[in-house]
Amino acid sequence: MALAVSALGEEEKWNSFKTKFGRSYSSLLEDQARYATFRVNLEKIASHNAKYENGLVSYKMGVNKFADLTVEEFAQRLGLKVGPQTNKTFSLQADDVPEEINWVDLGAVTPVKDQGQCGSCWSFSAVSTHSATVSNALIRNTFQTGAIEAQYFIAHNQLVSLSEQNLVDCTSSYGDYGCNGGLMDYAFKYVCDNGIMSESDYPYLGIDSTCNFDSSKAVVKVKSFVDVTSGSEPELQAAVGTVGPVSIAVDALGFQHYEEGVFDNDACLNSRLSLNHGILAVGYGTDNGQEYWLVKNSWGADWGEKGFIRMSRNKENQCGVATAASYPVL
Numbered sequence: 001m002a003l004a005v006s007a008l009g010e011e012e013k014w015n016s017f018k019t020k021f022g023r024s025y026s027s028l029l030e031d032q033a034r035y036a037t038f039r040v041n042l043e044k045i046a047s048h049n050a051k052y053e054n055g056l057v058s059y060k061m062g063v064n065k066f067a068d069l070t071v072e073e074f075a076q077r078l079g080l081k082v083g084p085q086t087n088k089t090f091s092l093q094a095d096d097v098p099e100e101i102n103w104v105d106l107g108a109v110t111p112v113k114d115q116g117q118c119g120s121c122w123s124f125s126a127v128s129t130h131s132a133t134v135s136n137a138l139i140r141n142t143f144q145t146g147a148i149e150a151q152y153f154i155a156h157n158q159l160v161s162l163s164e165q166n167l168v169d170c171t172s173s174y175g176d177y178g179c180n181g182g183l184m185d186y187a188f189k190y191v192c193d194n195g196i197m198s199e200s201d202y203p204y205l206g207i208d209s210t211c212n213f214d215s216s217k218a219v220v221k222v223k224s225f226v227d228v229t230s231g232s233e234p235e236l237q238a239a240v241g242t243v244g245p246v247s248i249a250v251d252a253l254g255f256q257h258y259e260e261g262v263f264d265n266d267a268c269l270n271s272r273l274s275l276n277h278g279i280l281a282v283g284y285g286t287d288n289g290q291e292y293w294l295v296k297n298s299w300g301a302d303w304g305e306k307g308f309i310r311m312s313r314n315k316e317n318q319c320g321v322a323t324a325a326s327y328p329v330l
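Quick note on UniProt numbering: the sequence shown kicks off at 1 and runs consecutively.
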C-alpha cells in the first residue's frame, strides 16, 4: 500500500510539473519516458534533502524546469566553449576590499533573464557586466577603481538592457558558436571592435539568426577587458568588491536541481576544460560561517533563489569560479 501511495504522489507531482512548466510531449511514449526520468530525479532530490534536513549538506534541491531531463540532456543545455586564454592577465591588488558586497541590493544588476534552450549563457554573462544604475553618491562612496556599470551610468544616466541576441548572431568570427556555445572574452572583443545594441533594438529570440547589427544604434562600446588571475579567489573578490560584477565560468553540472542555500559540491571540477556555463558574480558574503559567492544565472527567476545561486567561496576554487573570470573596461 505504501508503494501505491508513493506512486500516486509521484504521478500528482508529475501532472503538477507539466502544468506549471507548460510541458506537452509529442507522444504517450515520450510522456512515459519523461515520467520515468522525473521519478529518478524525484528520488535524487528526496535523498539529498534528507541530508539537508539533518544538516549534512548546505543547499536544498527542488523540482524545477529541468526535472524531466537526464543528467546528459541537462549537460547539453550548458553553452560555454572555453578556448585558450589569449588576453593578458592583470593581477588586481586593491586596498580596502569590503568583507561583503551585494551589487543587486546596490541597484547595479539588471533583472534575471532566461536563455531558454539556446546555449547562450556566455552572452548573458557578458552583457550583464555593462548595465547598471547606481546613485552618484554611492559611486563615489563605494567604488575604489571604478565599476563598469557605474561608468556607464555616469555617462548615460540610465539603465539600459543590452542585447544578448546581438552577440549570439554576430560573434562567430570571434570564436563564438551562437546557441551552440561561446565565451565571454570573445564577446568582449566583439564589443571592443563594434559596440553592442540595446535589448529593445535587438530583442532576444533564443535561436541562431542572421546578424542584424546596426552600428548607428550601438549604445555601449568597451575599450578593453581584464582577465582575473586564473584560480585566484582573493583577486576575484578584489575585482567584485572594488570594480563590480564579474563574468565567470563554472562547472554547472550540479546546478540542475538547485533550489536554495550555499551550493557546496566537492565533486565539482575547476579545470579550464571542465567549465561549461557562463554566469555573473554579483557579490559575496558569509552565511552562518560559510563563505559564498552570490551569482546571477540566466535560467529565469523561477530557478534557484529567484534566479540566483550562492556558491562556496574560498574552497579551493570550487567549480572553477575563479578559473576564467573577466570584466570589460569602458
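For glycine and all other residues, C-beta sits at the position ideal for the given N, C-alpha and C. In this text the structure is predicted, and so the values were computed from the model without any measurement.
Discussion item. One question on the structure: do VAL112 and LYS296 come within less than 9 angstroms of each other, judged by their Cβ atoms?
Written reply: The residue given as residue 112 occupies position 112 in the sequence shown. The residue given as residue 296 occupies position 296 in the sequence shown. Yes, the pair counts as a contact, with Cβ atoms nearer than the cut-off.
Worksheet entry | Proximity winner among GLY206, GLY178, LYS217, GLY181, relative to ILE196 (alpha-carbon distances) | Locating residue 196 in the sequence shown gives position 196, where the first residue counts as 1. Ranking GLY206, GLY178, LYS217, GLY181 by Cα distance to ILE196 puts LYS217 first.
Worksheet entry | Collapsed DSSP secondary structure at PHE38 in the structure displayed | One-based indexing of the sequence shown puts residue 38 at position 38. In this structure, PHE38 counts as helix in the three-state DSSP scheme.
Discussion item. Can you find the residues in the same chain that come closer than 8 angstroms, C-beta to C-beta, to LYS306, ignoring five residues on each side of it along the sequence?
Written reply: As a working note, residue 306 is residue 306 in the sequence shown. Once the five neighbours on either side are set aside, the close Cβ partners of LYS306 are VAL112.
Worksheet entry | Sequence-distant residues of its chain with Cβ nearer than 6 angstroms to SER224 (five each side left out) | As a first step, residue 224 is located in the sequence shown; it is residue number 224 there, counting from the start. VAL329.
Discussion item. Can you look up ARG272 in the DSSP assignment and give me helix, strand or coil?
Written reply: Residue 272 sits at position 272 when you count from the first residue of the sequence shown. Helix.
Worksheet entry | Sub-9 angstroms separation of GLY320 and LEU280 beta-carbons | As a position in the sequence shown, residue 320 is number 320, starting the count at 1. As a position in the sequence shown, residue 280 is number 280, starting the count at 1. Contact: no.
Discussion item. Since TRP14 and GLY244 should fall inside the 8 angstroms C-beta cutoff, what is the C-beta to C-beta distance between them, to a whole number of angstroms?
Written reply: On the sequence shown, residue 14 is found 14 positions in, with the first residue counted as 1. On the sequence shown, residue 244 is found 244 positions in, with the first residue counted as 1. Not a contact, Cβ separation roughly 43 angstroms.
Worksheet item: Which residues bound the alpha helix (DSSP H) around VAL168?
Response: The residue labelled residue 168 in the question sits at position 168 within the sequence shown. Run containing VAL168: 164-170, per the alpha helix (DSSP H) assignment.
Discussion item. On a Cα-Cα basis, can you pick out the residue from THR229, SER230, HIS257 that is closest to ASP302?
Written reply: Taking the sequence shown and counting its residues from 1, the one referred to as residue 302 is at position 302. Out of THR229, SER230, HIS257, HIS257 has the C-alpha closest to the C-alpha of ASP302.
Worksheet item: Taking Cβ to Cβ, would you say ILE207 is nearer than 9 angstroms to PHE255?
Response: For the purposes of this step, residue 207 is taken as residue 207 along the sequence shown, with counting starting at 1. For the purposes of this step, residue 255 is taken as residue 255 along the sequence shown, with counting starting at 1. The answer is no: Cβ separation not under 9 angstroms.
Worksheet item: Comparing alpha-carbon positions, which option in VAL228, SER163, SER58 lies nearest ASP185?
Response: By one-based count along the sequence shown, residue 185 stands at place 185. Per the Cα distances, VAL228.
Worksheet item: Hey, VAL282 and VAL109 are a contact pair by Cβ (cut 8 angstroms); roughly how many whole angstroms apart?
Response: By one-based count along the sequence shown, residue 282 stands at place 282. By one-based count along the sequence shown, residue 109 stands at place 109. Contact holds; Cβ gap of about 5 angstroms.
Worksheet entry | Between the CA atoms of VAL220 and GLU149 - distance to the nearest angstrom | As a position in the sequence shown, residue 149 is number 149, starting the count at 1. As a position in the sequence shown, residue 220 is number 220, starting the count at 1. Legend: pLDDT at GLU149 = 40, less than 50; position of this residue unreliable, value from coordinates given subsequently. Approximately 11 angstroms between the Cα atoms of the pair.
Practice prompt. Determine the direct distance from the alpha carbon of ALA187 to that of SER326, and round the result to whole angstroms.
Written response: Position 326 of the sequence shown, counted from the first residue, corresponds to residue 326. Position 187 of the sequence shown, counted from the first residue, corresponds to residue 187. The alpha-carbon atoms of SER326 and ALA187 are separated by roughly 11 angstroms.
Practice prompt. Report the three-state DSSP secondary structure of HIS257 (helix, strand or coil).
Written response: If you number the sequence shown from 1, residue 257 lands on position 257. Correct three-state label for HIS257: coil.
Fill in: C-beta contact flag for ASN270 and ASN317 at 9 angstroms
Position 270 of the sequence shown, counted from the start, is the residue given in the question as residue 270. Position 317 of the sequence shown, counted from the start, is the residue given in the question as residue 317. The answer is yes: Cβ separation under 9 angstroms.
Worksheet entry | Straight-line Cα distance separating ALA50 from GLU10 | Along the sequence shown, read from residue 1 onward, the residue named residue 10 stands at position 10. Along the sequence shown, read from residue 1 onward, the residue named residue 50 stands at position 50. Their backbone Cα atoms lie some 17 angstroms apart in a straight line.
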